[in-house]
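Novice:
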Amino acid sequence: MLTYLNEKFQTVYIPYVDVTIDESMVKFKGRLGFRQYMPAKPIKWSIKVWCLAESSTACMNSFQIYSGKEADQEQGLAHRVVKDLLVPYHHTNIRVTMDNFYTSVPLLRDLPLSGICAAGTVLPKDFLPKAVRLEKHQFHVAQAVQLMTHMDTKAVCVLSNHHSPTQTCTATSRCSCCPC
Numbered sequence: 124m125l126t127y128l129n130e131k132f133q134t135v136y137i138p139y140v141d142v143t144i145d146e147s148m149v150k151f152k153g154r155l156g157f158r159q160y161m162p163a164k165p166i167k168w169s170i171k172v173w174c175l176a177e178s179s180t181a182c183m184n185s186f187q188i189y190s191g192k193e194a195d196q197e198q199g200l201a202h203r204v205v206k207d208l209l210v211p212y213h214h215t216n217i218r219v220t221m222d223n224f225y226t227s228v229p230l231l232r233d234l235p236l237s238g239i240c241a242a243g244t245v246l247p248k249d250f251l252p253k254a255v256r257l258e259k260h261q262f263h264v265a266q267a268v269q270l271m272t273h274m275d276t277k278a279v280c281v282l283s284n285h286h287s288p289t290q291t292c293t294a295t296s297r298c299s300c301c302p303c
């Protein structure tokens with residue numbers, strides 16, 4: 124049934140270019156072996172669903188239900204989830220945006236082999252040594268993966284496999300009290 128739904132989602136609506144991958148929580152109070160308990164969330168008991176949705180319309184194109192830990196994972200859960208959700212979109216020049224749960228250097232090296240561009244946030248402590256002082260804007264390139272940092276009030280780090288140091292963009296602060 125779920126496989127059928129996934130196939131129908133992909134045939135009925137084809138995403139344009141920009142998609143995003145994130146998790147969704149479906150409220151569930153019944154008995155089920157793979158329901159999740161998260162005390163900090165508004166929905167305490169739920170079923171975790173990994174979703175791929177188009178950024179502009181928020182239309183879900185693919186999903187996968189988390190059913191617990193799996194044995195023999197070579198590259199980790201997040202890496203596997205992203206690769207599985209993107210199988211129908213290989214070599215379509217699609218651009219994926221993710222949060223820090225999914226983003227990793229090995230994943231960003233693997234996706235271009237499938238014709239997929241990706242970018243995602245990362246935590247600065249995971250990629251930069253403590254000795255490195257973050258400045259307002261920094262750009263590092265290593266092995267076809269770029270790390271961009273932006274420092275406003277808090278450091279924001281983005282890993283990407285399709286941006287370059289020559290590309291520029293303009294960002295404005297939401298806070299009018301501090302000059303940027």
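Reading the sequence shown from the start, the letters are residues 124 to 303 in the numbering used here.
For every residue, glycine included, the Cβ atom is placed at its ideal position computed from N, Cα and C.
If we call anything under 9 Å between Cβ atoms a contact, is residue 218 one with residue 279?
Specialist: Residue numbering aside, residue 218 sits at position 95 when the sequence shown is read from its first letter. Residue numbering aside, residue 279 sits at position 156 when the sequence shown is read from its first letter. No, they are not a contact pair.
Novice: Examine the Cβ distances between the stretch 188–207 and the stretch 226–243 and report whether three or more of them are shorter than 8 Å.
Specialist: Yes, the stretch 188–207 touches the stretch 226–243.
Novice: I'd like the span of the beta strand (DSSP E) that includes residue 132, first residue to last.
Specialist: Here residue 132 is taken as the residue at index 9 of the sequence shown, counted from 1. Not the beta strand (DSSP E): residue 132 falls in the alpha helix (DSSP H), residues 125–135.
Novice: Return the residue from the list 261, 269 and 267 that minimises the CA-CA distance to residue 275.
Specialist: Against the sequence shown, residue 275 aligns to sequence position 152. Among 261, 269 and 267, the Cα nearest to that of residue 275 is on 261.
Novice: Roughly how many angstroms lie between the CA atoms of residue 147 and residue 183, to the nearest whole one?
Specialist: Working through the sequence shown from its first residue, we reach residue 147 at position 24. Working through the sequence shown from its first residue, we reach residue 183 at position 60. Rounded to the nearest angstrom, the two C-alpha atoms are 11 Å apart.
Novice: Quick check on residue 209: does DSSP put it in helix, strand or coil?
Specialist: Indexing the sequence shown from 1 puts residue 209 at position 86. Coil, per DSSP.
Novice: Less than 8 Å between the CB atoms is what I'm expecting for residue 241 and residue 281, so what's the real figure, rounded?
Specialist: Residue mapping note: residue 241 aligns to position 118 of the sequence shown, counting from 1. Residue mapping note: residue 281 aligns to position 158 of the sequence shown, counting from 1. Going by Cβ atoms, the distance from residue 241 to residue 281 rounds to 11 Å, so no, they are not a contact pair.
Novice: Using a Cβ-Cβ cut-off of 8 Å (strictly less than) and excluding sequence neighbours within five positions of residue 152, which residues of its own chain qualify?
Specialist: Within the sequence shown, the letter at position 29 stands for residue 152. Here the set comprises 168.
Novice: At the level of alpha carbons, what is the spacing between residue 271 and residue 263?
Specialist: On the sequence shown, position 148 is the one that residue 271 refers to. On the sequence shown, position 140 is the one that residue 263 refers to. Going from the Cα of residue 271 to the Cα of residue 263 covers about 7 Å.
Novice: Buried or exposed: residue 221, going by 16 or more other Cβ atoms within 10 Å of its Cβ?
Specialist: Mapped onto the sequence shown, residue 221 falls at position 98. Label assigned to residue 221: buried.
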